[in-house]
Each structure stands twice: as C-alpha cells, then as structure tokens.
Amino acid sequence: MKSAKNKITVICVLLAIITLGACKKFSVLNSDPNSITSDVASPDYLMANVLTQSATWYGNLGSGDFSGAMQQTYQDAFGNGFSGYAWDPKSWSQNYGILRDNKLFLQKAQTNGWNFHQGVGLVMRAFSYGNIADFWGDAPDSMSLNGDQSGSQNLFPVFDPQEQIYARVIADLQAAIPFLSGTMNDHPEITGVTQTSDVFYGGDPGKWKKLANSMLLRYYMRLSSKMDVKAGVEAVAANVIQSNDEDFMMTLSGNDQSSSYQFCTVFSGASGFHRNKMCGTLTMKLKTLQDPRIVIMAEPIGTPSIRDGSKFTPGDNSTLTNIVGGVRYINPAAATAIGFKQYDPATYTQDRPFGAIASSLKSLYDTSSRYVGIPASYGTTDYGYNINTSGSQPTSLNNFVSYLRVDIYDNKSGPLLAQRVLSYAEICFDLAEAAQKGWSVGGTAEQWYKKGIKASFDNWQVFSNHSNDVDNYYGCVKDYNSYIAQPAVAFDNTLQRIIEQKWIASWQACNEAYMDWRRTGYPLLTVGWASFRGVIPLRFAYDNTELQNNATNGDAAIAKLKASAYIGADGNNSSWSKFWLVDGTGKPW
1333 MKSAKNKITV ICVLLAIITL GACKKFSVLN SDPNSITSDV ASPDYLMANV LTQSATWYGN
1393 LGSGDFSGAM QQTYQDAFGN GFSGYAWDPK SWSQNYGILR DNKLFLQKAQ TNGWNFHQGV
1453 GLVMRAFSYG NIADFWGDAP DSMSLNGDQS GSQNLFPVFD PQEQIYARVI ADLQAAIPFL
1513 SGTMNDHPEI TGVTQTSDVF YGGDPGKWKK LANSMLLRYY MRLSSKMDVK AGVEAVAANV
1573 IQSNDEDFMM TLSGNDQSSS YQFCTVFSGA SGFHRNKMCG TLTMKLKTLQ DPRIVIMAEP
1633 IGTPSIRDGS KFTPGDNSTL TNIVGGVRYI NPAAATAIGF KQYDPATYTQ DRPFGAIASS
1693 LKSLYDTSSR YVGIPASYGT TDYGYNINTS GSQPTSLNNF VSYLRVDIYD NKSGPLLAQR
1753 VLSYAEICFD LAEAAQKGWS VGGTAEQWYK KGIKASFDNW QVFSNHSNDV DNYYGCVKDY
1813 NSYIAQPAVA FDNTLQRIIE QKWIASWQAC NEAYMDWRRT GYPLLTVGWA SFRGVIPLRF
1873 AYDNTELQNN ATNGDAAIAK LKASAYIGAD GNNSSWSKFW LVDGTGKPW
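Numbering (our numbering), first residue to last: 1333 to 1921.
Dropping the structure here:
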C-alpha cells in the first residue's frame, strides 16, 4: 500500500491558521496551506474532516451503488454496474486516506489527554477498518499507515485476516466507551469549535457512547453466523441509541457538490437525475404491503396505464397502446401477439431468465400501480421499459416509470436528505433478531420489530409532514396501526419478516441491508437477464493498483478466497468469491 502525506481540506487549513493567532510570524501565516504540517493541524478540524469524509463515502454508497444492489432503485441506460451487477475492482485509497487523518487526530488527542477526542477517534477507526473488512475482506490493518517509517513490512504491509480486523473493530469500540463517559460539563476539552466540528452529535459524549454500543451491536450481529456473540449482544442491548434523534447521520448542507445529494440535477444534470428510477422489486413489495412509505420515495408515473381491450377495435391484435383522456390503454391481444406480458415478480426469472437468448425474452409492462419500477437487471434497453416508445439512452426520460420523488431528491439539500450511517430503526430490528434467537435484550422480538417499523415511518415523516400524500394515494393504508395489522406485515416470529422490514427501512442507506442479505439470504432477491453473472456479488475485488504495489501480500490474500461457480474469468480476486465471513455459512447463495 502506498504511503501518502496527510492532507487536510482547504477549509480546515484556513480555520486552523486562524487559531494560530495574530501574533504568529508572517513566515508561518505565509506557509503553503496545502502542505500544512501535522504539528500545526488542529484536532478539532482533523475530526471534522474525518467525520465528513467518512459520512460522505458511506452515505453515497448507501444511497447509490448499494441502493441498486439491494434493488430499491435502478439506473437505466448506462447502469450496468449499478443495476446489472457488473462490479469493477474498487480502490480503498479514500478509506485509508481517512484513516491516515484519523491516526493524526487520535495521536493529538492522546498527547493532549483529551478524552472526548480519543473516544471519537477510536470509534471512527473502528468504523473505517470495519468498512474495509466488510467490503473487501482481508486487508492491511496491524502494519498499515506506517509508510513514513523504514522497513519493507511498513512499505508493503501484510493483509490481516478479516476475522482479526473484526476483533480489532470490537476492541476499539470497547476501548472508546470509557473515554465518552459523562456529559459535556465533564469534558473541558469540548469547546464551541469542537461542537461545530462534530457534524454528527455536536460534541455530546453521551450520544457517542451510545453510538459505540450500537456499532458493537451491529458487528456482533454481523458475526453471529460465525461465532457465539450472545453475551456481547446482551451486554450492550440496554446502552444503544434510543430514538431517531440519536441517529448517526450527517445533514446535507448543499453548499457544494460534496455536501449535496449526489443525484440532484444541479450537479448530475437532468439526465443524471432521470436515470435514477425506482426498482420494481421494491415498488411491487410496497404495493403488496400497501406501504405508505412509497409516497416519500417515488414520483407517481406521468401517464397511468390500464390493460383494457375494450378501448380497441374488436379483432385488432396489432395496435399495442392508445392514449385516451391522459390514460394509456394497453391492448391485451396485441401484447400477447408480439410477446409482451404484465410484470409479475413471481415469474420474472422465467420471463427473462439469465443466460437466455434475447429473442426468447418477454418484454414486460406494468399497469399495477401509480408507482412503477424497472425490474432488476432488466436489459440494455431498460430506458424503454413499460412500452416507453419515446425512450432514449441519452435522456433517460420515461413517462411510464417512477423517478425518485422530484421535490425531495432533486435538491441539493432538504429535511429528508442526509448521509445516513446508522439508525434507531436498524438497532430495533437488530434487537428484534436477537430476541427472536432467544437472547435477553430488554423486549420481545415482536416489540422491537414494531418499534423498528414505527421508527422508519417517523424518520421519513410519513404520517406527519406527508400525511396529505398518504391520504391522497389509493394504494396504501393510512396509519401505523392499520399497517402492522395486515397479515403480510404482522409479526410472525420469522427472521425473513424482520429482515424484510429492515430492508424497507434502509431506504437511501442500503449498506447494512446488503450486509444482512449476504448474512441471511433475506430479503429474497432475484436478478434478471442482464445480470452480469446471474447472482448478486459478495464483495469488492481488490484494485489492480494495490495488487501491483503490494503484490506478495495481495496475492496471499487472494489465495485465501474461496472461488464460487460464478467467478467466470476473474480468478480468485472476484466479487463472487467468498471470504471468511460468509464461507461455510451456505448464505446468501
């Protein structure tokens, strides 16, 4: 792994210079702001950089690539990697860049004896190494970040086993908790600058302490298929975050591209926003559950469609569609004659099976709802889905498929736009799963399950700020109690139902939904004809640059991966190879 100089964002540099005071010599003030040395860097501004960069990387992944992987959204036209699962090897340079800044931050906190900052630094170190282990597997840890030291072991660090990295993550989180005891009044190191720099919790050590316990719960559940974590879960269950107000999330300010919603037209262009549409897997599930959360996710289709042969001349089996009074009617006879069929998730893999010749595929349409998504991995002409005869790859316009809700998501910032990292809803569902296993976590599985659903509704303001939208949509229930009373929603003491609701609650934050799917096989997801390998991948492949620079250790890590039937010509370093966390579990496939 390459060594790199510590780099701080320009705004942090300017603020750090201000703190030097007017009495500093001109030569200091006139130093190159892009080459600020570690002895000058302020711990508070280092913290701000670590927190914002971590939130941006993780949040954009959760509302972007993994929203596609978990079939909540769909990118058409040029979306092979997003919706077709054609994953390229991915660099971890940004992750290790954050860790370099965090190393300096933690060192300064330790030198100053600042407990709050040490606690935050340990939590963020655990968070970053945890992400690397989660997405790549074995990786440099114990000998990483030492590129400024002599010795080949520092320049070419070993890849620690994934299970050892997880042990380090848990140890760091446990070590952080004592540093975060008490209130702000017990921490004189927490200043106004500290509170401003803490973009998550405003310098509140109590919330950070709950977060450390919540992350412990997340990782215990992550490891639950590989080791006995019952005691660990039971030990932290009463000390996790307790409400939506304590969610680990960073509000988007919209000041520039990096602090704005990643798909808004201002920075992505009109076609960039339009390319992000709903996936049919989610829209059909929400339709089945009469789930009102659809109103804060999706834009209703511009032209509704109805399958009705009475709008066509008897015997006409060639005219496929006819628009009358703003409604598009589809001719069943013509649809059958030319190979079109109503989309049905139950028969999707038969209608458009992976590996089939193109001429044998059914072309699908969807008249089921006001909200329509594109089926997963549909095909290269997905911009024409749902008989969109005017669809084109450059514009990705489609009046018959739902975009993300325009007045919410086509903005740089807004009350529902944030980089979401860990939520109270997630914690509730984790505790529901733990209780379902018979563990003691301060409530029954049903109680935690219902709390998780309610937390999701409240977090997205479904029955408050968007109650009029709910009332005006014919396809959903109108209140929480009616929702959880439905047979398809009511708690049935199965893991599948818990994880399915957790998946829905992960809207715009699908990283953890992916981890759950990989660990449990839920929700049950299928892929379509245009899927790259026929199943959803399991990991990020190591980037070629890393393998070239650290070949011996990289090759050793690759040799440990377990090849599956889906690696194709990749070799062991494939997104379809299994690492320790899933090897031997029989999941997810």
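No residue lacks a Cβ here, since even glycine has one placed at the ideal position from N, Cα and C.
Of the listed residues the options, nearest to residue i (C-alpha basis)
{"i": "K1522", "options": "I1497, N1800 and M1379", "result": "First, the residue type needs correcting, since residue 1522 is Ile and not Lys in the sequence shown. I1522 has its Cα closest to that of M1379, out of I1497, N1800 and M1379."}
{"i": "L1763", "options": "V1753, G1774 and S1755", "result": "G1774"}
{"i": "E1495", "options": "Q1481, A1507 and K1558", "result": "K1558"}
{"i": "R1752", "options": "N1876, T1776 and Y1593", "result": "Y1593"}
{"i": "S1788", "options": "G1807, D1803, I1816 and A1777", "result": "I1816"}
{"i": "Y1735", "options": "F1437, G1604 and D1579", "result": "G1604"}
{"i": "M1553", "options": "D1420, F1488, R1625 and I1502", "result": "I1502"}
{"i": "T1620", "options": "V1809, T1405 and N1843", "result": "V1809"}
{"i": "Y1717", "options": "G1524, G1391, T1528 and K1694", "result": "K1694"}
{"i": "I1740", "options": "D1790, K1769, I1464 and M1629", "result": "M1629"}
{"i": "N1412", "options": "L1436, Q1725 and N1876", "result": "Q1725"}
{"i": "N1427", "options": "A1441, T1645 and Y1390", "result": "Y1390"}
{"i": "Q1574", "options": "G1534, N1381 and F1761", "result": "F1761"}
{"i": "Y1533", "options": "N1654, T1583 and C1611", "result": "T1583"}
{"i": "A1602", "options": "P1520, L1438, L1729 and Y1781", "result": "L1729"}
{"i": "H1449", "options": "P1520, Q1385 and T1384", "result": "P1520"}
{"i": "L1512", "options": "W1540, A1499 and T1917", "result": "W1540"}
{"i": "N1731", "options": "R1550, K1609 and D1902", "result": "K1609"}
{"i": "N1743", "options": "G1586, V1568, L1543 and G1445", "result": "G1586"}
{"i": "Q1407", "options": "C1611, R1500 and I1890", "result": "C1611"}
{"i": "H1606", "options": "D1714, N1392 and R1684", "result": "D1714"}
{"i": "V1535", "options": "M1547, S1546, L1549 and D1518", "result": "Reading off the sequence, residue 1535 comes out as Gly, not Val. Taking only the C-alpha atoms, the option nearest G1535 is D1518."}
Assigned exposure category for residue i - 16 Cβ within 10 Å defines buried
{"i": "A1409", "result": "buried"}
{"i": "L1555", "result": "buried"}
{"i": "K1894", "result": "exposed"}
{"i": "V1704", "result": "buried"}
{"i": "D1560", "result": "exposed"}
{"i": "P1819", "result": "exposed"}
{"i": "V1859", "result": "buried"}
{"i": "N1447", "result": "buried"}
{"i": "I1638", "result": "exposed"}
{"i": "K1899", "result": "At residue 1899 the sequence reads Ile, which differs from the Lys that was named. Buried, because 16 or more other Cβ atoms sit within 10 Å of the Cβ of I1899."}
{"i": "I1689", "result": "exposed"}
{"i": "I1785", "result": "buried"}
{"i": "A1750", "result": "buried"}
{"i": "L1856", "result": "exposed"}
{"i": "G1462", "result": "buried"}
{"i": "S1691", "result": "exposed"}
{"i": "P1489", "result": "buried"}
{"i": "T1515", "result": "exposed"}
{"i": "D1588", "result": "exposed"}
{"i": "I1670", "result": "exposed"}
{"i": "D1504", "result": "buried"}
{"i": "G1647", "result": "exposed"}
{"i": "A1441", "result": "buried"}
{"i": "Q1404", "result": "buried"}
{"i": "L1361", "result": "With a pLDDT of only 32 at L1361, under the threshold of 50, the placement of this residue in the model should not be trusted; the figure read from the coordinates follows. Per the 10 Å Cβ criterion, exposed."}
Residues of its chain near residue i, where Cβ-Cβ distance is below 7 Å and the 5 sequence neighbours each way are ignored
{"i": "W1468", "result": "W1424, R1871, F1872 and Y1874"}
{"i": "S1590", "result": "T1388"}
{"i": "L1913", "result": "Q1494 and K1558"}
{"i": "E1566", "result": "W1771, S1772 and V1773"}
{"i": "E1631", "result": "S1734, Y1735, L1736, R1737 and V1738"}
{"i": "K1783", "result": "C1760"}
Residue i beta carbon near the ligand PLP (any heavy atom closer than 7 Å)
{"i": "N1444", "result": "Inclusion of the ligand PLP in the displayed structure is not the case, the ligand content being empty and no account of it being possible."}
Nonlocal neighbours in the same chain, by C-beta distance under 6 Å from residue i, ignoring five residues either side
{"i": "G1866", "result": "F1686"}
{"i": "N1478", "result": "N1486"}
{"i": "S1474", "result": "D1492"}
Contacts around residue i, its chain only, beta-carbon distance under 8 Å, and the 5 residues preceding and following it disregarded
{"i": "G1416", "result": "S1709, A1862, S1863 and F1864"}
{"i": "Y1846", "result": "F1398, A1401 and M1402"}
{"i": "W1419", "result": "G1413, F1864, P1869, F1872, A1873 and S1907"}
In the stretch 1614-1661, which residue ranges form an unbroken alpha helix (DSSP H) of at least 4 residues, counting only runs that do not cross its ends? Qualifying alpha helix (DSSP H) stretches, in chain order: 1626-1629.
| task | Please confirm if the stretch 1834-1851 is in contact with the stretch 1648-1662, defined as three or more CB-CB distances below 8 Å between the two stretches. | result | No, the stretch 1834-1851 is not in contact with the stretch 1648-1662.
**Asked** In chain order, which continuous runs of the beta strand (DSSP E) of length 3 or greater are located wholly inside the stretch 1569-1603?
**Response** DSSP runs (the beta strand (DSSP E)) wholly in the stretch 1569-1603: 1580-1583.
* Whole beta strand (DSSP E) runs in the stretch 1735-1792 with 3 or more residues, listed along the chain? -> Taken in chain order, the whole beta strand (DSSP E) runs of length 3 or more contained in the stretch 1735-1792 are 1750-1754.
(request) Please confirm if the stretch 1457-1466 is in contact with the stretch 1829-1841, defined as three or more CB-CB distances below 8 Å between the two stretches. (result) Per the Cβ contact rule, the stretch 1457-1466 is not in contact with the stretch 1829-1841 (fewer than 3 Cβ pairs under 8 Å).
Legend entry - Meets three-Cβ-pair contact criterion under 8 Å: the stretch 1608-1624 and the stretch 1636-1650: At 8 Å Cβ cutoff, the stretches do not touch.
Query - Ordered list of alpha helix (DSSP H) runs contained in the stretch 1820-1889, each at least 4 residues - result: Entirely contained in the stretch 1820-1889, the alpha helix (DSSP H) runs reaching 4 residues are, in chain order, 1827-1837, 1843-1852 and 1876-1881.
My parser needs the alpha helix (DSSP H) runs of 4 or more residues fully inside the stretch 1513-1551; what are they? If one requires a minimum length of 4 residues, the alpha helix (DSSP H) runs lying completely within the stretch 1513-1551 are 1524-1529, in chain order.
field: Unbroken stretches of the beta strand (DSSP E), 3 residues or longer, contained in the stretch 1384-1447
entry: If only uninterrupted beta strand (DSSP E) runs of at least 3 residues are considered, those enclosed by the stretch 1384-1447 are 1405-1407.
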